[in-house]
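Line order of the protein sequences matches chains A and B. Residue numbering for the first sequence follows this note's numbering, beginning at 1 and increasing consecutively. Residue numbering for the second sequence follows this note's numbering, beginning at 279 and increasing consecutively. Using N, Cα and C, we set each Cβ at its ideal position, and we do this for glycine too. Below is one structure, written out as structure tokens; comments come after it.
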Amino acid sequence: MAEDPGQAAAEEPSDVGEGHADGVPIEDPVAAGDLLAEVRVWRRSARSDRHAYWFPLVLFGLLTLAAVPFYVLPQMRPGISILAITPPTPYMPLLGGSPGFLNGNYLGYYWLVALLGGLTLTLFWYRLHARRIGLATPARGYLITSVVLTLLALVLPLLAQVQGLSRLDALFPGDLSIRGTFPFLIIAVGLWVLAWAERSRGLAVVALVYSVTALLASLYDIENVLFRLGWNPSPGQWRLTGLPNVVLPALVLLVAGIAAFVVQRRQGRRIHQQSASA
Amino acid sequence: MSAPGDDRTLEDPRAEQASASPAAAARPTESAETAPSPGTALSAGDGASAGVGASAGVGASAGVGASAGDGASVGSAALAGTASSAGDGEHPTNALDETVHQRHRLGILTITAEAKSADFGYLRDALGLTPGNLSRHLTVLEDAGLVQVTKGYEGRRPRTWVQITSAGRSALASELAALTELLRRHAAPPR
């Protein structure tokens, strides 16, 4: 591959000045139509080559599934309050949920590491993809948005404990964080930003579905649906009743990520065949 | 940056068009101070800037285009001129900019507008150009301030990345709008 354009330019004949002699007379509507059609092919081809969002979808789907053990509810013992067997004050209520609801306080630490680690891996993925394909996605906005939200989720509850700043509580209503699913909302916002950066309607649809699922998981006990469908958990299974709120959003990401991987590969091949034949 | 081997005197294509096309001939005449008269040849040492200057001759910024040596400012002036003429309800071909209208340069702008930056090799393959010709088109666009070319290394491998500028995005949008308008007018029934 001749990567030094200056050297290459000195060695070859020029077609720079061919302008209208290039078959694109500016007064000819047919030629203008052909040119616009060609622009559409170039645009579709470039978008198809650039799309690489299957990776963050699969990655955060797997990270959500890996969090499942933290969502197992504590073992209930007769006569002992649930608050007595869980830490009294959550250190990270937004990232780790409310005390007495989840098994210990490690969920907050897990999500802090998982979100920042996942974002770093995603950034590396887009850089690798840009090197391999030759088209770079502006993923910095996605990274900055997600990191800022994660850090705010870490810092705001701490600041709200400072005297005079308790009004900050209003910024994170307990309903959204009690189940430890607030990180899903951070992922959802990140997906919207990524859909804009990727200029992908497909990813926008995924972001919409995931946002609805994340809100549902944050505001509603999804196991109730399973109860209505006939699930009757044994006493030992009660500890698992919080898991549908985690598994459903994870499945949305994994299914969408795998589907995006397959579609992007097929689309890329098809558009390149069209482009080559054109 | 100049395009080697591209030094020459360019006839003003708009001037030719003005005499050939009734639509173009119907346009209001530019003032003698700013617009080159039909048949005027713009002589330039740099083929790239000459092309831009020629297209700038359509709009009110022709004087700037003819006198400026800086490709970026010429490109901007050309854009300003084309934008104002397009908004006046004149023929859409007035809004076409020679720098952008050329098929391969339009391709470069289209592809780079879709990404943060595009690799030289990607553009070459996508547009089916030889490295030399791609390089010359990039020089024209870079001189007009429509793209930014960054050379560097990844490991030992040299890489050249091309990034569209905001002026490039505006020029691309104007070009596509003008082409779409041209098609629309052609498709519309005669009144």
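- At a cut-off of 8 Å between beta-carbon atoms, A:Ile-133 makes contact with chain B.
- Every alpha helix (DSSP H) of 4 residues or more that sits fully in the region 201-264 of chain A is shown, in chain order, as 201-219 and 223-228.
- Taking C-beta atoms as the reference points, B:Ala-393 and A:Arg-50 count as a pair closer than 8 Å.
- Closest in C-alpha terms to A:Val-247, from the list A:Gly-257, A:Arg-265, A:Glu-223 and A:Glu-198, comes A:Glu-223.
- Using a Cβ-Cβ cut-off of 8 Å, B:Ile-442 does not count as an interface residue toward chain A, since no Cβ of chain A sits closer than that to its own.
- With respect to the 8 Å criterion, A:Leu-123 and A:Ala-139 are classified as neighbours on the basis of their beta carbons.
- A:Leu-57 and A:Asp-169 have their alpha carbons spaced roughly 31 Å apart.
- Taking 8 Å as the threshold, the shortest C-beta distance from A:Gly-33 to chain B falls below it.
- In this structure, DSSP gives A:Val-39 a helical state, which the three-state scheme calls helix.
- Taking the Cα of A:Leu-35 as reference, the smallest distance to any Cα among B:Gln-426, B:Gly-385 and B:Arg-414 is reached at B:Gly-385.
- Exposed is the label assigned to A:Gln-163, since fewer than 16 other Cβ atoms lie within 10 Å of its Cβ.
- Pairing B:Lys-429 with B:Arg-437, the inter-Cα distance amounts to about 6 Å.
- Residue environment analysis places A:Gln-264 among the buried positions, since at least 16 neighbouring C-beta atoms fall within 10 angstroms of its C-beta.
- A distance below 7 Å between beta-carbons, with the five flanking residues on each side excluded, links A:Ile-186 to the following residues of its chain, in chain order: Leu-115, Ser-146, Leu-149, Thr-150 and Ala-153.
- Look at A:Thr-137: its C-beta is under 8 Å from a C-beta on chain B.
- Nearest Cα to A:Val-225 within the set A:Pro-244, A:Val-212 and A:Pro-235: A:Pro-244.
- Rounded to whole angstroms, the gap between the alpha carbons of A:Pro-93 and B:Gln-441 is 43 Å.
- A:Arg-131: member of the alpha helix (DSSP H) spanning 106-133, first to last residue.
- DSSP lists B:Val-425 as the bridge partner or partners of B:Ile-442.
- Look at A:Gly-180 here: in three-state DSSP terms it is coil, with no helix or strand label.
- A:Gly-118 is not a Cβ neighbour of A:Phe-182, given a cutoff of 8 Å.
- Using a 10 angstroms sphere on the CB of A:Thr-241, the tally of other CB atoms reaches 16 or more, which defines it as buried.
- When the Cα atoms are used, A:Phe-70 and A:Glu-38 turn out to be separated by approximately 52 Å.
- In the DSSP secondary-structure assignment, B:Tyr-431 is bridged to B:Pro-436.
- Counting of Cβ neighbours within 10 angstroms places A:Phe-227 among the exposed residues, the total staying below 16.
- Sequence-distant partners of B:Leu-401 (beyond 5 residues in either direction) whose C-beta falls short of 7 Å from its own C-beta, in its chain, are Ile-386, Ile-389, Leu-412 and Val-440.
- Using a Cβ-Cβ cut-off of 8 Å, B:Ala-396 counts as an interface residue toward chain A, since at least one Cβ of chain A sits closer than that to its own.
- Contact between A:Tyr-220 and A:Leu-253 is ruled out by a C-beta separation of about 19 Å, above the 8 Å threshold.
- Residues of the region 44-67 of chain A with a C-beta less than 7 Å from any C-beta of chain B: Ser-45, Ala-46, Arg-47 and Arg-50, listed in chain order.
- Distance from the Cα of B:Gly-446 is smallest, within the candidate group B:Tyr-431, B:Val-418, B:Arg-463 and B:Gly-406, for B:Val-418.
- Interface annotation, B:Arg-381: in contact with chain A, CB-CB separation under 8 Å.
- What B:Gly-385 touches in chain A, judged by beta-carbon distance under 7 Å, is Trp-42, going in chain order.
- Ranked by Cα distance from A:Gln-237, the first of A:Leu-65, A:Leu-73 and A:Ala-66 is A:Leu-73.
- Taken through DSSP and simplified to helix, strand or coil, A:Ser-146 comes out as helix.
- At least one C-beta of chain B is nearer than 8 Å to the C-beta of A:Val-39.
- As computed with DSSP, B:Ala-396 is found in a beta bridge with A:Leu-135 and B:Val-440.
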